[in-house]
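J.: Dumping the structure here so I can ask a few things about it.
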Amino acid sequence: MSFDVSLPARGTTVRAVTGSAPAGAAALVPVASGEDGIEVPVTQLAPQGLLEALVAVGAKGTTGEVTRVLVDDTLVITFGLGDAADIDDEAVRRAVGNATRTLNGLDKATISTEFGVRPVVEGLLLGGYVYNGLKSAGATLDDDNTDAELPQTTEVTVVGADETEFEQAVAIAESVNLARDLVNTPANFLYPETYAAVMGEVAKTAGLDIEVLDENALEEQGFGGILTVGRGSSRSPRLVHLTWAPEGATKKVALVGKGITFDTGGISLKPGSGMEDMISDMGGSAAQLGAIAAAARLNLPARIDAWLPLAENMPSGTATRPGDVITHYGGITSEVINTDAEGRLVLADAIARACEDNPDYLVETATLTGAQLVALGNRTAGVMGSDELRDLVAEAGRGVGEQAWAMPLLEEQEDELKSPIADIRNTHNARTGGMLFAGLYLSRFIPEDVEWTHIDVAGPAWNGGGAWGYTPKRATGAPVRTIVETLQQVAAK
C-alpha cells in the first residue's frame, strides 16, 4: 500500500518484492574488507568465481564501493560493507543504498537477506529514492543537466525475506519517502490549505481519523501562536489533528510537528541567500504525518494523536512585529522578540492543546534552530526534554541510523526566558545556546506529569549536498524512523 496523494510531483524508487530470484536478474551481493583483502560473505546469490573476478578488477570491499562484474553471464553488483569486523544494520543500509543508486537502466535485480530484512529493504527503498520535481522529460534525459536523475524503474526481488518483516520494513520506508515528497514540494503548491488536504488523503489511506481547524476555528479557540505566525500571509493557517485509536490501547502518545510551509522570517527577514531551502521548514510535520501513518499500518497497540500546526511565515502589513505580545492556547503570554523564531510559537499552541488530553508521552519534532547545526552539525539531531524519554529517543535514533544526541535544558537560561511585559519571550537574542533556549521555551507548555521530548532536526531533515548511503539530495525524511521506533518501544512497555 503506497500513498496516493495530490502533489504536483512524486519521487520514485525501486519496486521491492519478495520471491525467488528471477532469471536474468542482476545479483546484488555484499562484500567486506578483511585483513587479507576482499571477502565475500556466505550468500546464496554469489556465483562460483565471484571472488576471483573481484580480485582481478581490484575491488576492496570498502565502505561505499560498488563494483560490477560479469560472472558466467550473470551481472553481479557488489556493495562494500567496510571492515568485516564492524558490520551492523546501518552499514548494511548504507551499502545497499549506495548500490541501489546504480540500478537505473536495469529491469530487474535480486538481493538476499543474510544481513537482515529491514536494513536491506530500507536501503533499497530509501537509497533508490529520486526526486526530479517538475523537470520536463527532456531536462531529465539531458546529459548536461547534472541535477537530474533518471527515475527508478528497477524491480528488486528480496530473496528469503520473512513476509511480515518485509511488509513492516516497506511500510516504514514508504512513510519516510512520503515525508520526503512533502518536504521537497515547492511552497506555491504546498501551503496550509493544500497541505491539510493532502493529510486528509493520507488519513483515508492509513485508516486515521482527521479534524482540521481553519482560521475561524483557531480564532474561536484561542490559538494565538498559530494565528500570529500565519497573519502575514494571504494563505491562512490550519491545525490538523490526526488520530490512531486501536481497540484496547492502554498507552496514549501525542505527536507534534512544526509545519511552516515557507519561512521568510517574517518582519525579521532572513537573508536572501539560500532562502529557497525554507520549503523544508515543515519537515517536522511531514515526519509526524509519516510516523502516525506507519504506526497505523504496523497496527501499533497505542492511541496516537498528532497535532500538526500549519502556517506560512511572511512579511506584510498584517504580519506580527517584534515587540508584539501574543496569547497562546491555554493562556500563556509571549513577547515576540524575533519573528524568525516562529516555529516555537506554533508548536507551543499545539503542545498545549495536545496536553489537554493527558497523554502519557509527547514527542515533538521541528526544523527549529540554526543553532542545532552549529552545535551538532548537519546530520545529528538534538534531543531535549524529560530525562528518560529524551534518552530513549536519542538511543532509538542512533539505533535506526538517524543520529541523535541528548542535550540539556539550561538552568542559567531561566532568567533569559523572562519578559518585562509577558510571561515569557520567544528568544534571548544571544549567540549562545539557541537550540537549548528553544527547548526551554517549549517546556513551559508541558505539564509536570507528561513525559516529553523535543527533537531539533534543522540539519538532519535536509541534505544540501550530494547523496550518500541511503540519504538522497534535499529532503531526507528524518526523523520518521526515530519516531516510529520510539512508538514501538513505548507501545511495548
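Following our numbering from start to finish, the sequence shown increments by one per residue and tops out at 569.
Glycine included, each C-beta is placed from N, C-alpha and C at the ideal position.
As the structure is a prediction and not an experimental result, all values here were calculated from the model.
#1: Leaving out the 5 sequence neighbours to the left and right, which residues in its chain are closer than 6 Å to E287 when beta-carbon positions are compared?
#2: Does the ligand NAP have even one heavy atom less than 7 Å from the beta-carbon of G406?
#3: Can you find the residues in the same chain that come closer than 6 Å, C-beta to C-beta, to S135, ignoring five residues on each side of it along the sequence?
#4: Quick check on the DSSP output: the alpha helix (DSSP H) that includes R379 runs from which residue to which?
#5: V197 and L157 - do their beta-carbons sit closer together than 8 Å?
#6: Please report the distance separating the alpha-carbon of F357 from that of R466.
#7: Compute the Euclidean distance between the alpha carbons of L104 and E241, then round it to the nearest angstrom.
#8: Do the stretch 509-523 and the stretch 447-463 touch if we need at least three Cβ pairs shorter than 8 Å?
#9: Less than 7 Å between C-beta atoms, sequence neighbours within five positions excluded: which residues of the same chain meet that for V252?
#10: Enumerate in chain order the residues of its own chain whose CB-to-CB distance from V305 is below 6 Å, with the five nearest sequence positions on each side excluded.
#11: Going by the beta-carbon positions, is the gap between K346 and D416 smaller than 8 Å?
#12: Cβ atoms of P435 and A330: under 8 Å apart, would you say?
#13: Can you tell me the Cα-Cα spacing of P322 and I343, whole angstroms?
#14: State yes or no: is the C-beta of K334 within less than 8 Å of the C-beta of R379?
#15: Have a look at the DSSP bridge pairing and note the partners of G335.
#16: To the nearest angstrom, how far is the alpha carbon of C431 from that of R520?
#17: Leaving out five residues before and five after I413 in sequence, what residues of the same chain have Cβ atoms less than 7 Å from its Cβ?
#18: Would you call R507 buried or exposed, if buried means 16 or more other Cβ atoms sit within 10 Å of its Cβ?
#19: Please state whether DSSP places T150 in a helix, a strand or coil.
#20: Whole angstroms are fine: how far does the CA of R170 sit from the CA of G199?
#21: Just curious, the beta strand (DSSP E) that P106 is in, first and last residue?
#22: Checking the sheet assignment: what are the DSSP bridge partners for I187?
#23: Can you tell me whether L303 is buried or exposed? The criterion is at least 16 other CB atoms within 10 Å of its CB, across all chains shown.
#24: To the nearest whole angstrom, what separates the beta carbons of T89 and Q228, a pair I think is in contact under 8 Å?
#25: If I'm right that Y405 touches G301 with Cβ under 8 Å, what's the distance once you round it to whole angstroms?
#26: Does the distance from the C-beta atom of A129 to that of V145 stay below 8 Å?
#27: Per DSSP, I500 forms a beta bridge with which residues?
#28: Helix, strand or coil: which one does DSSP assign to V133?
#29: Taking DSSP as the reference, what is the three-state secondary structure of G458?
#30: Which runs of the beta strand (DSSP E), 3 residues or longer, sit entirely within the stretch 457-487?
#31: Taking all protein chains shown into account, decide if D257 is buried (16 or more other Cβ within 10 angstroms of its Cβ) or exposed.
#32: Among T261, E295, A371, which has the Cα closest to the Cα of L284?
#33: How many Å lie between A428 and G341 at the Cα?
#34: To test your reading of the DSSP string, which unbroken alpha helix (DSSP H) runs of 4 or more residues are found completely within the stretch 250-310?
#35: Who pairs with A551 in a beta bridge, going by DSSP?
#36: Flag this pair as yes or no: are the beta carbons of R455 and V232 separated by less than 8 Å?
T.: So, from the listed chains and residues:
#1: Locating residue 287 in the sequence shown gives position 211, where the first residue counts as 1. Result list for E287: H317, in chain order.
#2: This structure does not include the ligand NAP; it has no bound ligands of any sort.
#3: Reading the sequence shown from its first residue, position 59 is the one you call residue 135. This sequence places Ala at residue 135; Ser is not what is there. Closer than 6 Å at Cβ, skipping near neighbours: I114, T143.
#4: Position 303 of the sequence shown, counted from the start, is the residue given in the question as residue 379. Segment 379-389 is the beta strand (DSSP E) holding R379; no alpha helix (DSSP H) there.
#5: Working through the sequence shown from its first residue, we reach residue 157 at position 81. Working through the sequence shown from its first residue, we reach residue 197 at position 121. Their beta carbons are not under 8 Å apart, which means L157 does not touch V197 by this criterion.
#6: Along the sequence shown, read from residue 1 onward, the residue named residue 357 stands at position 281. Along the sequence shown, read from residue 1 onward, the residue named residue 466 stands at position 390. The sequence shown places Asp at residue 357, not Phe. D357 and R466: Cα-Cα distance of roughly 23 Å.
#7: For the purposes of this step, residue 104 is taken as residue 28 along the sequence shown, with counting starting at 1. For the purposes of this step, residue 241 is taken as residue 165 along the sequence shown, with counting starting at 1. The alpha-carbon atoms of L104 and E241 are separated by roughly 20 Å.
#8: yes
#9: For this step, residue 252 is matched to residue 176 along the sequence shown. Excluding residues within five positions, the ones whose Cβ falls inside 7 Å are L202, G366, G553, V556, R557.
#10: Against the sequence shown, residue 305 aligns to sequence position 229. Taken in chain order, the residues that qualify are A387, N389, E418, L421, V422.
#11: Taking the first residue of the sequence shown as 1, we reach residue 346 at position 270. Taking the first residue of the sequence shown as 1, we reach residue 416 at position 340. Yes, they are a contact pair.
#12: On the sequence shown, position 254 is the one that residue 330 refers to. On the sequence shown, position 359 is the one that residue 435 refers to. Taking 8 Å as the Cβ cut-off, A330 and P435 qualify as a contacting pair.
#13: The sequence position of residue 322 within the sequence shown is 246, counting from 1. The sequence position of residue 343 within the sequence shown is 267, counting from 1. Going from the Cα of P322 to the Cα of I343 covers about 44 Å.
#14: By 1-based counting over the sequence shown, the position of residue 334 is 258. By 1-based counting over the sequence shown, the position of residue 379 is 303. Cβ distance not < 8 Å, so K334 and R379 don't count as in contact.
#15: Numbered from its first residue, the sequence shown carries residue 335 at position 259. Partner(s): L386.
#16: For the purposes of this step, residue 431 is taken as the residue at position 355 of the sequence shown. For the purposes of this step, residue 520 is taken as the residue at position 444 of the sequence shown. C-alpha separation (whole angstroms): 12 Å.
#17: Taking the first residue of the sequence shown as 1, we reach residue 413 at position 337. Excluding residues up to 5 positions away in sequence, P398, R501, N502, T503, N505 lie with their Cβ nearer than 7 Å to the Cβ of I413 in the same chain.
#18: Here the question's residue 507 lines up with position 431 in the sequence shown. That one is exposed.
#19: One-based indexing of the sequence shown puts residue 150 at position 74. Here T150 sits in strand by DSSP.
#20: Numbered from its first residue, the sequence shown carries residue 199 at position 123. Numbered from its first residue, the sequence shown carries residue 170 at position 94. Answer to the nearest angstrom: the Cα atoms are 6 Å apart.
#21: Taking the first residue of the sequence shown as position 1, residue 106 is located at position 30. It spans 102-110 - the beta strand (DSSP E) in which P106 sits, taken as one unbroken run.
#22: Mapped onto the sequence shown, residue 187 falls at position 111. I187 is bridged to L104, V234.
#23: One-based indexing of the sequence shown puts residue 303 at position 227. That one is buried.
#24: On the sequence shown, position 13 is the one that residue 89 refers to. On the sequence shown, position 152 is the one that residue 228 refers to. Confirmed, about 5 Å.
#25: Residue numbering aside, residue 405 sits at position 329 when the sequence shown is read from its first letter. Residue numbering aside, residue 301 sits at position 225 when the sequence shown is read from its first letter. Confirmed, Cβ separation roughly 7 Å.
#26: Counting from 1 along the sequence shown, the entry for residue 129 is found at position 53. Counting from 1 along the sequence shown, the entry for residue 145 is found at position 69. Yes. Within cutoff.
#27: Here residue 500 is taken as the residue at index 424 of the sequence shown, counted from 1. I500 is bridged to S410.
#28: Walking along the sequence shown from the start, residue 133 turns up at place 57. It is coil, neither helix nor strand.
#29: Along the sequence shown, one-based indexing puts residue 458 at 382. DSSP places G458 in strand when its eight states are reduced to three.
#30: 457-461, 480-482
#31: Against the sequence shown, residue 257 aligns to sequence position 181. Classification of D257: buried, given that the 10 Å Cβ count is 16 or more.
#32: As a position in the sequence shown, residue 284 is number 208, starting the count at 1. Considering only alpha carbons, the answer is A371.
#33: Within the sequence shown, the letter at position 352 stands for residue 428. Within the sequence shown, the letter at position 265 stands for residue 341. Each residue's Cα considered, the two are about 24 Å apart.
#34: 268-282, 291-297, 300-306
#35: Position 475 of the sequence shown, counting from 1, holds the residue named residue 551. BP columns for A551 point to W538.
#36: The residue labelled residue 455 in the question sits at position 379 within the sequence shown. The residue labelled residue 232 in the question sits at position 156 within the sequence shown. Their beta carbons are not under 8 Å apart, which means R455 does not touch V232 by this criterion.
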